[in-house]
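S.K.: Sharing a structure, written as structure tokens. Questions coming.
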Amino acid sequence: MADISSWDLTKVKEDLIDAYRECSMRRLLNGAKWAAELSSALEITVDPQILMKKACNEEYFLDFDKVSLAATYFDLKEYDRAAHVVRDLKNPLAYFLHMYAEFLAEETQRLDNASDSIGQANYDNTKLRNMKTELSSRHRELDGFGLYIYGVVLKRLDLTKMAVEVLVEAVTKQPLHWGAWQELATLITDREMLVSLALPNHWVRQLFLAHVYLELQLHEEALEIYQTFINTGFHKSSYLVAQVATAYHNMRDVEQAVDAFEELEKMDPFRLENMDIYSNLLYVKEMRAELAHLAHRCCDINKYRVETCCVIGNYYSLRSQHEKAILYFQRALRLNPHYLSAWTLMGHEYMEMKNTSAAIQAYRQAIEVNKRDYRAWYGLGQTYEILKMPFYSLYYYRQAHLLKPNDSRMVVALGECYEKLERLQEAKKCFRKAHNIGDVEGGALYKLAKLYEKLSESEQAASAYTEYIMETERRGVLSHEEISQAYQYLANYHWSRKQLDEAYAAAQKCAEFTETREDAKVILQQIQSLRSQGESSMPARFDDSMGSLTSSDHIRPGEPRTFDGVTPVSLKFTP
Amino acid sequence: MAGESGCQVPESQTKGKLNLDRLKEIVKKYIDKHHYESALFWADKIVSLSGGAVEDIYWYAQTLYHTGQYHRAATLLCSRKLDRHYAACRFLAAKCHFECKEWQEALNILDMAEVSLTKPSFLQSSINQLSMDADDSLPIRGIESSISLLRGRIYEAMDNRGLAADCFRRALQQDVYCFEAFDLLVSHHMMSAQEEQDLLKTLPLVAQCPEDEMELVRFLYQNRLKKYDKPGTHSIPQSLSPLLENVDVVVNLAERRYYNCEFQKCHKITSGVLSKDPYNSRCLPLHVAVLVELKKPNALFYLGHKLVDFYPNKPVSWFAVGCYYLLTKNFEPARRYLSKATTLEKTFGPAWLAYGHSFAADNEHDQAMAAYFTASQIMKGCHLPVLYIGLEYGLTSNAKLAERFFTLAQSIAPDDPFVLHEMGVIAFQNHEWVEAERYFKEALSRIQSVGYQHMPEKWEALLNNLGHVSRKLKKYEEALEYHRQAELLCPQNPSTYSAIAYIHALTGNNSLAVDFFHKALGLRRDDAFSTTMLGHVIEALMSEVPPIVGDDDSDSLNTSASVVLPPFRPLSFSQADTDDSSLAAHPGDNSSMMAIEEVEMDG
Numbered sequence: 005m006a007d008i009s010s011w012d013l014t015k016v017k018e019d020l021i022d023a024y025r026e027c028s029m030r031r032l033l034n035g036a037k038w039a040a041e042l043s044s045a046l047e048i049t050v051d052p053q054i055l056m057k058k059a060c061n062e063e064y065f066l067d068f069d070k071v072s073l074a075a076t077y078f079d080l081k082e083y084d085r086a087a088h089v090v091r092d093l094k095n096p097l098a099y100f101l102h103m104y105a106e107f108l109a110e111e112t113q114r115l116d117n118a119s120d121s122i123g124q125a126n127y128d129n130t131k132l133r134n135m136k137t138e139l140s141s142r143h144r145e146l147d148g149f150g151l152y153i154y155g156v157v158l159k160r161l162d163l164t165k166m167a168v169e170v171l172v173e174a175v176t177k178q179p180l181h182w183g184a185w186q187e188l189a190t191l192i193t194d195r196e197m198l199v200s201l202a203l204p205n206h207w208v209r210q211l212f213l214a215h216v217y218l219e220l221q222l223h224e225e226a227l228e229i230y231q232t233f234i235n236t237g238f239h240k241s242s243y244l245v246a247q248v249a250t251a252y253h254n255m256r257d258v259e260q261a262v263d264a265f266e267e268l269e270k271m272d273p274f275r276l277e278n279m280d281i282y283s284n285l286l287y288v289k290e291m292r293a294e295l296a297h298l299a300h301r302c303c304d305i306n307k308y309r310v311e312t313c314c315v316i317g318n319y320y321s322l323r324s325q326h327e328k329a330i331l332y333f334q335r336a337l338r339l340n341p342h343y344l345s346a347w348t349l350m351g352h353e354y355m356e357m358k359n360t361s362a363a364i365q366a367y368r369q370a371i372e373v374n375k376r377d378y379r380a381w382y383g384l385g386q387t388y389e390i391l392k393m394p395f396y397s398l399y400y401y402r403q404a405h406l407l408k409p410n411d412s413r414m415v416v417a418l419g420e421c422y423e424k425l426e427r428l429q430e431a432k433k434c435f436r437k438a439h440n441i442g443d444v445e446g447g448a449l450y451k452l453a454k455l456y457e458k459l460s461e462s463e464q465a466a467s468a469y470t471e472y473i474m475e476t477e478r479r480g481v482l483s484h485e486e487i488s489q490a491y492q493y494l495a496n497y498h499w500s501r502k503q504l505d506e507a508y509a510a511a512q513k514c515a516e517f518t519e520t521r522e523d524a525k526v527i528l529q530q531i532q533s534l535r536s537q538g539e540s541s542m543p544a545r546f547d548d549s550m551g552s553l554t555s556s557d558h559i560r561p562g563e564p565r566t567f568d569g570v571t572p573v574s575l576k577f578t579p
Numbered sequence: 012m013a014g015e016s017g018c019q020v021p022e023s024q025t026k027g028k029l030n031l032d033r034l035k036e037i038v039k040k041y042i043d044k045h046h047y048e049s050a051l052f053w054a055d056k057i058v059s060l061s062g063g064a065v066e067d068i069y070w071y072a073q074t075l076y077h078t079g080q081y082h083r084a085a086t087l088l089c090s091r092k093l094d095r096h097y098a099a100c101r102f103l104a105a106k107c108h109f110e111c112k113e114w115q116e117a118l119n120i121l122d123m124a125e126v127s128l129t130k131p132s133f134l135q136s137s138i139n140q141l142s143m144d145a146d147d148s149l150p151i152r153g154i155e156s157s158i159s160l161l162r163g164r165i166y167e168a169m170d171n172r173g174l175a176a177d178c179f180r181r182a183l184q185q186d187v188y189c190f191e192a193f194d195l196l197v198s199h200h201m202m203s204a205q206e207e208q209d210l211l212k213t214l215p216l217v218a219q220c221p222e223d224e225m226e227l228v229r230f231l232y233q234n235r236l237k238k239y240d241k242p243g244t245h246s247i248p249q250s251l252s253p254l255l256e257n258v259d260v261v262v263n264l265a266e267r268r269y270y271n272c273e274f275q276k277c278h279k280i281t282s283g284v285l286s287k288d289p290y291n292s293r294c295l296p297l298h299v300a301v302l303v304e305l306k307k308p309n310a311l312f313y314l315g316h317k318l319v320d321f322y323p324n325k326p327v328s329w330f331a332v333g334c335y336y337l338l339t340k341n342f343e344p345a346r347r348y349l350s351k352a353t354t355l356e357k358t359f360g361p362a363w364l365a366y367g368h369s370f371a372a373d374n375e376h377d378q379a380m381a382a383y384f385t386a387s388q389i390m391k392g393c394h395l396p397v398l399y400i401g402l403e404y405g406l407t408s409n410a411k412l413a414e415r416f417f418t419l420a421q422s423i424a425p426d427d428p429f430v431l432h433e434m435g436v437i438a439f440q441n442h443e444w445v446e447a448e449r450y451f452k453e454a455l456s457r458i459q460s461v462g463y464q465h466m467p468e469k470w471e472a473l474l475n476n477l478g479h480v481s482r483k484l485k486k487y488e489e490a491l492e493y494h495r496q497a498e499l500l501c502p503q504n505p506s507t508y509s510a511i512a513y514i515h516a517l518t519g520n521n522s523l524a525v526d527f528f529h530k531a532l533g534l535r536r537d538d539a540f541s542t543t544m545l546g547h548v549i550e551a552l553m554s555e556v557p558p559i560v561g562d563d564d565s566d567s568l569n570t571s572a573s574v575v576l577p578p579f580r581p582l583s584f585s586q587a588d589t590d591d592s593s594l595a596a597h598p599g600d601n602s603s604m605m606a607i608e609e610v611e612m613d614g
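These protein sequence lines map, in sequence, to chains H and X.
Mapping to the working numbering: the first sequence position 463 is 467, numbers consecutive.
Mapping to the working numbering: the second sequence position 41 is 52, numbers consecutive.
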């Protein structure tokens, strides 16, 4: 990784100003905005002479009248008209405007014609196909921007491989156009692919890498890059702060994320981008007041923005007004059908409303937009589980797991599926893995124990239950039913092995729960009666069993020993 | 005729008391100026003044003809038996009857003198005529070809197409500049491509043209010849490059583009032509067809309206209206207007084919076939009606008959990739994989020989079919490659995706298979084959057992066969559309829809 601090910041600033000019000339508004934002964050003055020189080249005056006319039409969103004005012009700028206007014309037309129901019913891609033919016949003569539009068209047509090639070409020819990088980022499926791409060695590449790392759930790497940028002088860039906040959000580092978003709000109070992520955060933390405040604030800024709709949707969802939430998500999608989070969130809402088929549609759309959205895959898994199609849900959970290998929820879900399919060995592996990677919801061990019980691998079951009990006690979150079950099993287990002390201790615990009280009493009585007969062989056995317990326990070798220490103590008190 | 006679006038002189020459001059001048009534008045007087000279009577008849008084003209000529002795008068009299649609009478008049005409050798008769010409100063030179042409048109009107074609051919032999005969032969599809080429070769160009014009005539005729029997290009010789801009040549180019399935380019050309020459009768049918192909109902609607307003008596106007309704899937009115077009001019082939399509698109196979049969009788030299009949038989699962008609079509147009493709489809349905592959590959090589920069999207189905057949032959790599090409050609087609997925499933590449089935289902949710397969593949993938074995495999194969159909059917239809020139492409589209539905049901 190149060291950013060694770069000539004046050059970077010049680049950014350049990028802004090039992009805004071509009406690539987001690219221009990005460049301007970064540029304004970098407080360095550059020699105006150099800028003048770059700005006033001859190319600018080629077909000046037509291009500027087209640009004004373009600004007024009369895309067809703009495209018509610059048709048949040979210079690259005019050609780009022509193609871009055509593309947007098609895009807006499709949006306007879209039906209210979700899912695009056989939409007609003839125009895009014609554009593809047209662009591919000129492939060799296209400049960086032309290649960008070509890449976008290919991507829309699902010709992913070609799209990647073309977009790489585009960023090589014109590395300062952030839009091209962004489009490329959405097409990258994994780290290997990222490494295999021949990307230009340019400072923008670092930002691209960070962006992709973020999408690939490689948050540390992303944060590192962003931090370097911030330290180099970009600390005022709201873009970078927002990215950092998103990274924290993805890492489930809620506190940090909330802090970052609050900072962002201070820097740029009228910013709407990324506010949907912020609202997710508030939703997860159930910070009702903040979410309500955010929703109202966004609504005041602009009601008809996807982010606003998403925030409001989340707000209603938190208040369990699912129908209203769906309404807002739908509105977001009307505004932009490629808006990922709305699709996923809408899927969740439909799930809440038990409308599985609509949920499936929504999740599928989300995946269409971005294959890496693990939440959508997970959601699909859940819906198919409800539909009792275990193989499907297995597949979807697995996809989600592949995308986020360290999230225990997916692994638990996988295990449950395997359990349903009676493939208990796999299920066992899953639950164990879930436990190893830090079980978020805390059910994995219990489920594992249950499995062992089912397979009558009693020793493992016992150790798993023991560990489960320890875990829950440590966390302080108790599920009465599960705990009582665990104690009951342990009591029976020890009883069957004539480990009276342990059995006694467990049975005592059992007696604390209403469900198991009767059984516990029976065991306790039996132990009492046995005790009175004689206790000679017990200690030896006890050691044995503890030994076997420890050795058989693969889960956390350290834990049983503490148990070891604890039980004897309680033993002493019980008699 | 008038013009021809005009140039001969000065030679004639018969001096009377009055200077009749001046009056005759005036008559001809009025004819040139379309003041027929005045011409008639003076011609009548000249006849009286000259005491009924043959020449004057001829001109009197001529003016009667021009004023639409056909019977009067015929009676005038016949009552004096002029038609027996003078070829020009005979021709005029017959023409008058022809105008009145009295075919038999016209034929009788022509037949009466046929004997005397054919007896002397060609050379002698022309000498005779020259002498007669000098005597009578009647516009006689080259009248034999006119007579042959008229005879041909009479025969054609009497539905005797074989004789008609012979007559046209004779007319052309007699006068190679007689474009009308050539045009009728070509535009009414009276000869197969081979026969057309032969005719062109045997034309007595050397005898009749000056050397410098030979190339011109040959090029212009060659340029008009059949374009739909095989994809190809045609270049213009260097010396004739000024003709590049000529509307006829440009339209021919557009037509070629149309048959090469380059619809966008064709549309560009035809729109250009029509903007300069809005009612170019040759360009219009082509433009209508290409509008249908590109699915521009609005443009077609407007064009139809304008045409019907300006030319309510031309079949192409109603053809455009019919095509509009066909495109918007209103089959009832489509049929009504198309049949109106065919009644206006029975030989208007495109309307017949479109009429057939209007039934075919509606699944009315029998009626569609009836229409196509009529078309095939009218357009003997065109393989399209036969091809469509074959298609209809194929759709009604009558593979044997379908094959017979395809073979017939192939004998007419041996190089047409569409025919080859259809034969491949039939072979495929008969499970003759090797045979099918051969046909498909041949079709593909025909297409590639054109040397497109980009292959037209129409051929996506061919590539997919090649993929299917390669899969059947267990050449999985090849099959994948074909499907990928198809995907490139026409992205986001669910059937392509399911085909790719199926191959991945067969080669045990389950995770990719699942991916592609998902893609296919994302685009077409109710695709039963993909749904079932996805279930199997996911199960296989999840249990990491080798994919689909035994029963499962054969099962899925069957299903796949039905899946295979959709690409074929649409193609076949659409191909049909493509082929026949002016007739509409849209039925193809409809049919493709039908095919897809069918598949779904099968699945």
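Ideal Cβ placement from N, Cα and C applies to all residues, glycine included.
(1) Quick check: residue 184(H) and residue 152(H), are their CB atoms within less than 8 Å of each other?
(2) When the cut-off is 8 Å and only beta carbons count, does residue 272(X) lie next to chain H?
(3) By the 9 Å beta-carbon criterion, what residues does the segment 261–273 of chain H contribute toward chain X?
(4) Keeping to the same chain, check which residues put their C-beta closer than 7 Å to that of residue 437(H); ignore five residues upstream and five downstream.
(5) Quick one, are the C-beta atoms of residue 353(X) and residue 336(X) less than 8 Å apart?
(6) Buried or exposed, going by whether 16 or more other CB atoms sit within 10 Å of the CB of residue 111(X)?
(7) With distances taken Cα to Cα, identify the nearest neighbour of residue 580(H) among 501(H), 471(H) and 527(H).
(8) So, with DSSP's three-state summary, where would you put residue 439(X)?
(9) In chain order, what are the residue ranges of uninterrupted alpha helix (DSSP H) at least 4 long that sit wholly in the segment 388–446 of chain X?
(10) In terms of alpha-carbon separation, which member of 49(X), 43(X), 89(X) and 44(X) lies closest to residue 65(X)?
(11) Around the C-beta of residue 21(H), are 16 or more other C-beta atoms found within 10 angstroms, so that it is buried, or is it exposed?
(12) In chain X, which residues lie with their C-beta within 8 Å of the C-beta of residue 133(H)?
(13) Put residue 82(H) into one of helix, strand or coil per three-state DSSP.
(14) Check whether the Cβ of residue 552(X) lies closer than 8 Å to any Cβ atom in chain H.
(15) Return the first residue and the last residue of the alpha helix (DSSP H) that residue 546(X) is part of.
(16) Under 6 Å Cβ to Cβ from residue 403(X), same chain only, skipping five residues before and after it: list those, please.
(17) Whole alpha helix (DSSP H) runs in the segment 48–134 of chain X with 4 or more residues, listed along the chain?
(18) Let me know the secondary structure DSSP gives residue 454(H) once reduced to three states.
(19) For residue 301(X), would you say it is in contact with chain H, using Cβ-to-Cβ distances shorter than 8 Å as the test?
(20) Is the separation between the beta-carbon of residue 42(H) and that of residue 243(H) shorter than 8 Å?
(21) Rounded to whole angstroms, what is the Cα-Cα separation between residue 397(H) and residue 550(X)?
(22) Taking the alpha-carbon positions, what's the residue 221(H) to residue 254(H) distance?
(23) Express the C-alpha separation of residue 168(X) and residue 180(X) in angstroms, rounding to a whole number.
(24) Pull up the distance between the alpha-carbon of residue 447(H) and that of residue 494(H), whole angstroms please.
(25) Under a CB-based cut-off of 8 Å, is residue 533(X) close to chain H?
(26) For residue 549(X), which residues in chain H fall below 8 Å Cβ to Cβ?
M.R.: Inspection of the coordinates gives the following:
(1) For the 8 Å CB-CB criterion, residue 184(H) and residue 152(H) form a contact.
(2) Chain H contact via Cβ: absent.
(3) Answer in chain order: no residues at all.
(4) Correct list, in chain order: 415.
(5) Cβ atoms of residue 353(X) and residue 336(X): not closer than 8 Å.
(6) Result: exposed.
(7) Residue 580(H) is absent from the structure shown; chain H starts at 5 and stops at 579.
(8) Under the three-state reduction of DSSP output, residue 439(X) falls in the helix class.
(9) Within the segment 388–446 of chain X, the runs of alpha helix (DSSP H) that reach at least 4 residues and sit entirely inside it are, in chain order, 395–406, 410–423 and 428–440.
(10) Among 49(X), 43(X), 89(X) and 44(X), the Cα nearest to that of residue 65(X) is on 89(X).
(11) For residue 21(H), the number of other beta carbons within 10 angstroms of its own is at least 16, and it is reported as buried.
(12) Neighbours of residue 133(H) on chain X, chain order: 468, 501 and 502.
(13) Here residue 82(H) sits in coil by DSSP.
(14) Closer than 8 Å: yes.
(15) Unbroken alpha helix (DSSP H) run through residue 546(X): 539–554.
(16) Closer than 6 Å at Cβ, skipping near neighbours: 376, 379 and 380.
(17) At a cut-off of 4 residues, the continuous stretches assigned as alpha helix (DSSP H) that sit fully inside the segment 48–134 of chain X are 65–77, 81–90, 93–96, 98–110 and 114–129.
(18) It is helical.
(19) For residue 301(X), the answer is no, since every Cβ of chain H falls outside 8 Å of its Cβ.
(20) Yes, they are a contact pair.
(21) For residue 397(H) and residue 550(X), the gap between their C-alpha atoms comes out near 10 Å.
(22) Looking at the two C-alpha atoms, the distance is approximately 7 Å.
(23) C-alpha separation (whole angstroms): 16 Å.
(24) Linking residue 447(H) to residue 494(H) through their CA atoms gives a straight-line distance of about 18 Å.
(25) For residue 533(X), the answer is yes, since a Cβ of chain H falls inside 8 Å of its Cβ.
(26) Near residue 549(X) (Cβ distances below 8 Å), the residues of chain H are 395, 396, 398 and 399.
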